[in-house]
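Residues in the sequence shown are numbered from 1 upward in steps of one, following this note's numbering. Only one structure is covered here, and it is reproduced in the block below.
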Amino acid sequence: MVQRILLVCGSLQRASANRRALEVVGAHLATIGGVEVDEFDEVAAIPGFNPDVGETAVPAVGSFLERIAAADTVVIAGPEYAGALGGAIKNALDWVVGAGHLSGKPVVVLSAGTTGGVNARFDLIRTLSWQGAHVVGGLGIAGPRTKSDADGRFTDPATLADLRDLAALAATAATLPGEARLELVVQMTAAAGVGTERIAPVPT
Ligand SMILES: Cc1cc2nc3c(=O)[nH]c(=O)nc-3n(C[C@H](O)[C@H](O)[C@H](O)COP(=O)(O)O)c2cc1C
Numbered sequence: 001m002v003q004r005i006l007l008v009c010g011s012l013q014r015a016s017a018n019r020r021a022l023e024v025v026g027a028h029l030a031t032i033g034g035v036e037v038d039e040f041d042e043v044a045a046i047p048g049f050n051p052d053v054g055e056t057a058v059p060a061v062g063s064f065l066e067r068i069a070a071a072d073t074v075v076i077a078g079p080e081y082a083g084a085l086g087g088a089i090k091n092a093l094d095w096v097v098g099a100g101h102l103s104g105k106p107v108v109v110l111s112a113g114t115t116g117g118v119n120a121r122f123d124l125i126r127t128l129s130w131q132g133a134h135v136v137g138g139l140g141i142a143g144p145r146t147k148s149d150a151d152g153r154f155t156d157p158a159t160l161a162d163l164r165d166l167a168a169l170a171a172t173a174a175t176l177p178g179e180a181r182l183e184l185v186v187q188m189t190a191a192a193g194v195g196t197e198r199i200a201p202v203p204t
């Protein structure tokens with residue numbers, strides 16, 4: 001069965017380390033048979049969440065929801081600003097709650113930033129878990145500028161290997177047996193201080 005993987009870049013700036021990290025993930029996924037990759041890089045077009053507005057009334061939100069619904073697994077890269085997840089990607093994820101499209105879906109999170117984005121990743125794990133997503137893995141990349149060339153492309157061998165491992169996990173996450181998937185989710189949520197009561201059942 002083909003695995004459809006959606007890559008979501010939560011950074012808006014052009015020279016984004018998180019986008020560069022997703023490029024590595026996407027390039028590796030493209031080498032794996034039976035995987036289709038989609039990329040959502042329109043977070044900047046998503047307005048502030050307003051429960052009074054229907055999701056389908058905003059084209060960028062409608063597109064985000066459709067592409068999440070079509071994906072087997074989602075990879076989200078979010079920047080960390082001032083000790084927390086960047087607001088634009090948190091806002092984009094708030095639009096998904098009502099539709100429930102992330103419920104029971106495997107998600108892999110990463111953050112490239114000065115400290116490795118531990119707060120951004122934990123915020124992602126928390127907000128994704130609260131809407132029923134299964135965060136099965138994550139990666140922090142500290143000091144991304146020291147691990148890349150002048151154009152921001154990652155060159156550090158250890159970082160490239162970590163990103164390839166993350167891609168391999170994303171490619172198989174939706175096909176893991178339920179127990180194996182939940183084991184990963186328990187590890188990720190525990191690290192982020194999210195209670196086990198937030199872990200949604202694996203869809204049958
Ligand atoms: C206003 C501002 C606040 C930041 N705060 C943090 C922070 O709290 N922790 C951290 O690790 N990095 C922080 N950074 C560094 C960013 O995480 C880093 O620039 C990262 O590369 C941003 O992601 P991007 O390159 O994908 O846009 C901050 C950067 C800016 C501009």
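Just so it is clear, CB atoms sit at the ideal spot from N, CA and C, and this is done for glycine as well.
Only residues of its own chain outside the window of five on either side were considered, and among them A17, A112 have a CB closer than 6 Å to the CB of P144, listed in chain order. Exclusion of T159 from the 7 Å shell around ligand 1 follows from its C-beta lying no nearer than that to any non-hydrogen atom of the ligand. Burial check for T196: the Cβ neighbour count within 10 Å stays below 16, so the residue is exposed. Comparing alpha carbon positions, the residue from D94, A168, P157, L160 closest to G54 is D94.
Here S111 is bridged, per DSSP, to G140. Rounded to the nearest whole angstrom, the C-alpha separation of L85 and R198 is 19 Å.
Taking C-beta separations shorter than 7 Å and ignoring five residues to either side along the sequence, the partners of P47 in its chain run V58, following chain order. With contacts defined as CB atoms closer than 8 Å, S103 and A71 fail to qualify as a contacting pair. The distance from the Cβ of A142 to that of T114 is about 7 Å, consistent with a contact at the 8 Å cut-off. Assignment of beta-bridge partners to V35 by DSSP yields Q3. Less than 8 Å separates the beta-carbon of F40 from that of F64. For the options H101, T175, V202, A88, the alpha carbon positioned closest to that of E66 is the one of H101. Within the chosen limit of 7 Å, ligand 1 does not reach the beta carbon of A170 with any heavy atom. Looking at the DSSP output, F154 bridges to S148.
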